[in-house]
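For what it's worth, this note's numbering labels the leading residue of the sequence shown as 55, then goes sequentially.
We put the beta carbon where it would ideally sit given N, CA and C, even for glycine.
In this text, all values refer to a predicted model and were calculated from it rather than measured experimentally.
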Amino acid sequence: MKRLVLLCGRVLLLASLLHASAPARAQEFITASPTQLTIFAMNGEQPVRTVLIQTSQPLDIIEVVASDLIRIDGGVAIPAQRLTATLLESTTETPAEVPTGALARVSVAFNFQGVRSGEFTGDLLIRHSQGTLVVPMLVRIKHSPLLPLLILILGIAFGIILSVYRAQARPATSCWYASGASGRNCVPKRAAHHFAAASLPA
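Below you can see the structure in the form of structure tokens.
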């Protein structure tokens, strides 16, 4: 009786291990290169990347879908409509059959027009006849260095223009000593001539 219970326990343990490892083995026959898409781009760029899909047995690729790119700091996400994923070998027929050992190419086009700088994550989902292959995506976007440089140049130019304008608008002064007056008096240069003429004896 004890042997029967022990045997049943071993059978159940083996069955659970086989069940747990089934999904992992199911994905071994299909691989993606690169295993993760990492994009470094400037604001406004429209990069294109290619993912190679290889399989050790025939399968049908049903569709290729890109998820939203979620901003890591919780800001505004990049919607999936900004990403275009296309199976290059596909025709008008769906699904597209991929023979054993063949390489299928998936093109992913990104549109970063008007996107703020930041770090984003998402997934490229490749649905096939035996499951779904997930390719993680990491996107880092920076603003073009030309914009800060342009702002700096404009700021310097504005400061120079403002300084010149103030220097020209400020009236020149002339200091003179009035007879019988204590101290020095400074008046605008134009007015100094009138004061000097008035102080001369008739």
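- Within the same chain, Cβ atoms closer than 6 Å to the Cβ of SER183 are found at LEU113, ASP114, the five residues on either side in sequence being excluded.
- With fewer than three CB-CB distances shorter than 8 Å, the segment 168 to 185 does not count as touching the segment 203 to 212.
- Of the residues ALA120, ILE84, LYS196, the one whose Cα lies closest to the Cα of SER110 is ILE84.
- In the structure shown, ARG194 adopts extended strand secondary structure according to DSSP, grouped into three states.
- Using a 10 angstroms sphere on the CB of VAL218, the tally of other CB atoms stays under 16, which defines it as exposed.
- Under the Cβ criterion (8 Å, minimum of three pairs), the segment 160 to 178 counts as touching the segment 88 to 108.
- Put simply, the backbone Cα of GLY155 is about 18 Å away from that of ARG181.
- With fewer than 16 other beta carbons inside 10 angstroms of its own, VAL130 counts as exposed.
- Residue environment analysis places LEU208 among the exposed positions, since fewer than 16 neighbouring C-beta atoms fall within 10 angstroms of its C-beta.
- By a beta-carbon distance limit of 8 Å, MET191 contacts LEU123. Their separation comes to about 7 Å.
- When rounded, the separation of the alpha-carbon atoms in LYS196 and THR138 is 21 Å.
- Secondary structure of VAL169 (DSSP, three-state): coil.
- The residues ASN97, ILE132, ILE195, in chain order, have a CB closer than 7 Å to that of VAL169 in the same chain once the five nearest residues on each side in sequence are set aside.
- DSSP, reduced to helix, strand and coil, places PHE212 within a helical segment of the structure shown.
- Beta-bridge partners assigned by DSSP to ASP114: GLU151.
- In the three-state scheme derived from DSSP, where H, G and I count as helix and E and B as strand, LEU137 is classed as strand.
- Taking the Cα positions, THR175 is about 40 Å away from ALA211.
- Its chain contains ALA139, LEU141, VAL160, ILE180 as the residues whose beta carbon lies nearer than 6 Å to that of VAL118, once the 5 sequence neighbours on both sides are disregarded; these appear in chain order.
- The beta carbon of GLN167 sits closer than 6 Å to the beta carbons of GLY98 from its chain, once the five residues preceding and following it are set aside; these are given in chain order.
- The beta carbon of PRO101 lies closer than 7 Å to those of ILE93, ALA95, PHE164 in the same chain, with the five residues before and after it left out.
- Here VAL193 has ILE93, LEU123, PHE174 as same chain residues with Cβ atoms under 6 Å from its own Cβ, once five neighbours each way along the sequence are excluded.
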